[in-house]
Amino acid sequence: MTLYQVVGGHPYRETSPGDTFEAVLEPAAEKRALACGAIRILERRQPSLQPGSYRLPDGWATTHQEE
Amino acid sequence: MSGKNIALKDYVEVDGHDLSDFASAYQEHSDDEQVDVSGFNPTGADEFLQGKRTQSIDVTFFDSKASGEVHDVLYHLYRDRATFTFKHRDDQNNAVSSTNPQIEGNANILSYGPGATRGQARSFQVTFVAADSAGFVYTES
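Here the protein sequences line up with chains C and X, keeping their order.
Count along the first sequence from 1, add 57, and you get the number used in the working numbering.
Count along the second sequence from 1, add 100, and you get the number used in the working numbering.
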């Protein structure tokens, strides 16, 4: 997911100039929109796991031990 | 309440760009090939099956060469043989719904030809051709 701001003089994907939107744009479409100055990227949000935010299912470690 | 309305507020989006303000005419085409499968029969009548479907949408645009406007958007899509999203609905002031459905799909521009007539606003027609098997379809949400 990426946070974009519409910076051209016209709406982009139904978002008014100056406003922001979150989307996963198809790479070629994003490249074209950036090239013509319709949008700019504010933030790339990469999915990530934080330490301590997950755990293995109960019993997973004992049933998946390497032989 | 009648669903009749006057075409004034149409929404036209090409590759994410709102080109509604530059569009003045709109026409959808969706045509199925009529395939003749007639055999000898007692009545001599023809028999047909519904064959390949071809879809396209014509839009007349006022020419405008400012950044993010008609030429800047459409010419680059044509030049680069790009596949892009196309959307249209009758009323840009209201969200997509059963009474304001939106037709959308992936499209190509196969020909590009701006023109001019002395004393008249520059305008030209662009045909958006459905680019894949999903075609142009109406959505209501």
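Glycine included, each C-beta is placed from N, C-alpha and C at the ideal position.
Keep in mind it's a predicted model, so treat the numbers as computed, not measured.
Determine the DSSP secondary structure at residue i, reduced to helix, strand or coil.
i       : result
A231(X) : coil
F224(X) : strand
T217(X) : coil
A125(X) : strand
E204(X) : strand
T120(C) : helix
R97(C)  : strand
R89(C)  : helix
S138(X) : coil
S198(X) : coil
S130(X) : strand
S211(X) : coil
S102(X) : coil
S156(X) : strand
Can you list, in chain order, the residues of its chain whose CB lies under 6 Å from that of residue i, leaving out five sequence neighbours each side?
i       : result
T72(C)  : V63, F78
T119(X) : Contrary to the premise, residue 119(X) reads as Leu rather than Thr in this sequence. Result list for L119(X): V112, in chain order.
A123(X) : V112, V159, F161
T227(X) : S156, D158
G215(X) : F224
Q134(X) : F148
E128(X) : I157
L106(C) : none
I203(X) : H188, F236, Y238
Starting from the Cα of residue i, find the closest Cα among the options and give me that residue.
i       : options                            : result
R153(X) : A230(X), Y238(X), T239(X), E240(X) : A230(X)
K109(X) : R218(X), N200(X), A216(X)          : N200(X)
D172(X) : Q150(X), S102(X), G116(X), D190(X) : G116(X)
V237(X) : S130(X), P214(X), G139(X), V137(X) : S130(X)
W68(C)  : I106(X), S167(X), K104(X), A125(X) : First, the amino acid is wrong: residue 68(C) is Pro here, not Trp. The shortest Cα separation from P68(C) among I106(X), S167(X), K104(X), A125(X) belongs to S167(X).
V137(X) : T217(X), S233(X), E147(X)          : E147(X)
L91(C)  : G65(C), T119(C), A118(C), P74(C)   : G65(C)
T185(X) : R97(C), D76(C), A85(C)             : A85(C)
K104(X) : S233(X), D190(X), K165(X)          : D190(X)
Cutting at 7 Å between CB atoms, please list the residues of its own chain near residue i, excluding the five before and the five after it.
i       : result
E240(X) : V196, S197, S198, P201
E87(C)  : none
S164(X) : F122, V170, H171
I98(C)  : T59, Y61
Y175(X) : Y212
Y178(X) : I209, Y212
Contact defined as beta carbons within less than 8 Å: I believe residue i pairs with residue j. What is the distance between those atoms, to the nearest angstrom?
i       : j       : result
A102(C) : T59(C)  : Rather than Ala, the amino acid found at residue 102(C) in this sequence is Arg. The Cβ separation is near 7 Å, so the contact holds.
G269(X) : G205(X) : Nothing about residue 269(X) can be reported from this structure: the residues present for chain X run from 101 to 241 only.
Is the beta carbon of residue i within less than 8 Å of some heavy atom of the ligand COA?
i      : result
A90(C) : Although the ligand COA was asked about, the structure shown includes no ligands whatsoever.
Can you give, in chain order, each stretch of the alpha helix (DSSP H) that sits fully within the segment 160–191 of chain X and has at least 4 residues? Within the segment 160–191 of chain X, the complete alpha helix (DSSP H) runs of at least 4 residues are 170–179.
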